[in-house]
Structure formats: structure tokens, C-alpha cells
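The sequence shown begins at 55 in the numbering used here and counts up by one. The beta carbon of each residue, even a glycine, is placed where N, CA and C say it ideally should be. Here the structure is a predicted model, which means the values were calculated and not measured. First the structure, in the form of C-alpha cells, and then the observations on it.
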Amino acid sequence: MIVADRDRLGNPLQTVVCHACGLVSVNPRPSDEDIDQFYRDEYRKSYKQTLQPKLKHVYRAGRVALDRLTYLIPLLHQGGAVMDLGAGGGELLFMLRGLGFEVQGIEPNIGYGEVARDVLGLPVQVTTYQEAQVELESCDMVTCFHVLEHLPHPVDALTAMARWMKPDGLLLIEVPHVMSRCQWPHSRHHIGHLHHFSSSTLALAGQKAGLRAVDVFTSGDGGNLMVVFRKNQGGHGNAIQSTIPGHAQRVIGHLRTHTALMHLLSPPPYLRPLERIYGHVRERLALMRCQDVQLLLTQLLEEAQALAQSAREGTPPWEIPISEFG
């Protein structure tokens, strides 16, 4: 079923819902070759209007990395090996390395990947996950933040990540939540997001890759979804049923009822500008004090070191009410 025929800029883009499972996807999908070329050369120019991250982009990504550490740290043992697929400019890996973890990453975009590798000195492979050289069962944790929705074959990607995990390792996937209500109804559709996941469809994709979902979280505003996976002791899920009865109807119902009027009657349109103003002021002050990428991240690392101690003693700042995958 077609749920949208335009992207957030008003350009033609057909988005459909799978009646069998409820996964929302772009249709037709660009070729794999076009997708690889886009993310290698064009993606950051399209999203950030730059080939390599500017200082403000590094700072913003560093602050996001700090937020992610609050729920990553309690799940890691000291000195554990972490792989970040879609490492960007390397801000998260920089902080994890500074906290004593063994890190590596994969980033397909040349401009951002070269900053992570050459400027920050991180072991980041500037290539796709299909071409990357990763030792099997070498990672205590694999992270994949806002990447899976960009990949044409998410089950294949999850299968690759499962191979990198140690038998008792963890995989953390974070994606935009298709059932969220915190953004304008029509802003969710754009060419970069080939798939839109719910907790149910993401868990099903993991099952097909031989993984089992052990925890599901939503961010405080409901906009992001994170699923924690472990390896399925039964191996690859070839026999997993590919349907989620009734889920497509729930997704369609959500998309239909999340109208512009309903959005205007909710808090997000009025809270987000205030949050942006606060963030902008904090950013300007930070950039006035520092104009060097490494020094800027080193200053943020000081916050991360304090955060790591409290994170080990506390609970992640995520809501945890999602307990079923269907």
C-alpha cells in the first residue's frame, strides 16, 4: 500500500507498506551501485553541504556521542572491543578509545571516514560493510547508529554484523521510529531512508539474521528506536516466518492519524525550538573557546570520563515500556 508519494522536499518519492510485516520502504529502490556511490561521494554534501565535517559538525556529533555513552557504558566490560558501523567522523570511537576500550569502525563516506582515520588516528576502514575486513567473532559489541535505514538489504547487513560478534557479544541498532509523533508527518519521507522500522519489523529482521532481540528502547521524545540483540543459539533464522499479523494495519493507522493538525496540538513543535536555542548557545560558546578538532573532542572526553562513572551506576535515560515485538 502506498503511504506517501513525495519526499520532505516535495520531490516525487513513493513510499509503501508491506502488508505481510508492516515494514515501510521506498519503492522503487535505487540500484545498489547508485546507493554505494551516493554514500561514498554525495551523502554528506546532501545532508551537511560539506565534504568533510566542519568544527560545528564535530561538536554536535560529539554531544550525541556523549548521550550514547550513557547507555553503552553499562553494557560493556572495561577494555571491551567495539565495532561501530557507520562511524562518521569518529567522534564516538574517539571517546570510547579515550575511556580505554578497543575500537574499530567502518565508514563508507570518503570525506568523513578520512577525518576519523587520518585526523583522529582511529582504525576506521573507509569502505562498505561488505568490503571491510573484520575478524569473525572479534567484537564484544557492534554498534550501528542511524545506518540500517539507509541500507538496501538490512537483513544482509545484520547477518554480517552477527558474524563479527563474539558468542556472548551484543549488537545495538538505533533507527528512527516509524511510530513516532515528534516530527512533522511528512518530514519522515526522504530518499536517504530506504526503510522505516518499528520495534516489530526490526526484531523480525534480526531474527532472519540469526539474532534475538533482548531489549527495546525508545528515546525520550519517541523519535528513535534502539534494539539490543544477542546471537540466537539456534543459528541463522532461515525458518522464521516473514509475517507479523495485524502489524501493517497498526502502522498504516498510525501514519494516517498522525496529521499536521494532531502534530500542532502536541508538545514537540513548541519544545524543539527552545531546545535548539539552548543547543546553539552552548555550541557557540564551545567553538569560541576551541578551534581544533582533536582538542575539542578531548574537552568533551573529559565530560565522557565523568559520565562513564555515573553511567555504570545508573540506568540509561531511555523509556523501556516496549516489551513485545508484534
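Sequence ranges, beta strand (DSSP E) only - wholly within the stretch 256-304, length at least 3: 265-272, 278-285
Supposed close pair L391, V201 - CB separation, criterion 8 Å: Any question about residue 391 goes unanswered here, given that the chain covers just 55 to 380.
V347 vs V71 beta-carbon contact at 9 Å: no
K110 to L150 span [Cα, whole Å]: 20 Å
Inter-residue Cα distance where the pair is S364 and G152: 16 Å
CB contact flag (R98, Y183, <9 Å): no
Extent of the continuous beta strand (DSSP E) to which M233 belongs: First-last for M233: undefined, no H or E at that position.
Cβ pair G116, I298 closer than 9 Å: no
Member of D121, G154, V118, E189 whose CA lies at the smallest distance from the CA of Q132: G154
Environment of I127 [buried if 16+ CB atoms lie within 10 Å]: buried
Where P239 sits in the DSSP three-state scheme: coil
Beta-carbon contacts of S305 that lie in its chain and below 8 Å, excluding the five residues immediately before and after: Correcting the residue identity first, residue 305 is Val in this sequence and not Ser. Cβ neighbours of V305 beyond the five flanking positions: V71, G76, V78, V232, M233, S252.
Own chain residues within Cβ distance below 8 Å of A358, not counting five before or after: A119, L120, L123, M149, G152, L153
Distance CB(R83)-CB(H244) smaller than 9 Å: no
From H250, E203, M316, V268, residue whose alpha carbon lies closest to that of W238: M316
Counted within 10 angstroms of its Cβ, other Cβ atoms place N163 as buried (16 or more) or exposed: buried
Endpoints, the alpha helix (DSSP H) within which V118 is located: 109-126
Bounding residues of the beta strand (DSSP E) (the contiguous stretch that carries M195): 193-199
Contact between the stretch 182-196 and the stretch 214-226 (3+ Cβ pairs under 8 Å): yes
Inter-residue spacing [alpha-carbon to alpha-carbon] between A259 and R60: 26 Å
Distance between T213 and I89 (C-alpha atoms, nearest Å): 19 Å
Which of helix, strand or coil DSSP assigns to Q103: coil
Where the beta strand (DSSP E) containing Q132 begins and where it ends: Taken as a continuous stretch (DSSP letters only), Q132 belongs to no beta strand (DSSP E), as it is neither H nor E.
Residue environment, Q91, which counts as buried when at least 16 other CB atoms sit within 10 Å: exposed
Candidates V188, C236, E161, E203: closest to L309 by CA position: C236
Assigned exposure category for P208 - 16 Cβ within 10 Å defines buried: buried
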